[in-house]
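When you line the sequence shown up against my numbering, it's residues 177 to 258, in that order.
The beta carbon of each residue, even a glycine, is placed where N, CA and C say it ideally should be.
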Amino acid sequence: WIRQDWGVACGRENLNRFGGVPTFIQQPDYPDCVSCGDPMQFLVQFERGIACVDGFDLVGEGVLFAFLCTACRITGWMRQQT
């Protein structure tokens, strides 16, 4: 796994990720679990342009991130955009 810079990659590389290191658009932001308070682990990120069956763009603008607390089995989602 390597860290990818969003500014350098934007428009030229695939920013979808499963595991590894997230590609944050802004400052790194790892949410805390709402149950235990521990930092959540990065799970997956999706770049804009992922269309659902009805044509709705899953992400909208920017990148959608999912995080996981394995102890509590809780996920957290956030989006960053320019």
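Residue i versus residue j: straight-line alpha-carbon distance, rounded
| i | j | result |
| --- | --- | --- |
| residue 244 | residue 257 | 21 Å |
| residue 242 | residue 201 | 14 Å |
| residue 249 | residue 237 | 28 Å |
| residue 255 | residue 239 | 6 Å |
| residue 195 | residue 220 | 6 Å |
| residue 206 | residue 247 | 16 Å |
Continuous beta strand (DSSP E) stretch holding residue i: start and end
| i | result |
| --- | --- |
| residue 217 | 217-223 |
| residue 242 | 239-245 |
| residue 255 | 250-256 |
Contacting residues, own chain, Cβ-Cβ under 8 Å from residue i (five flanking each side not counted)
| i | result |
| --- | --- |
| residue 190 | 223 |
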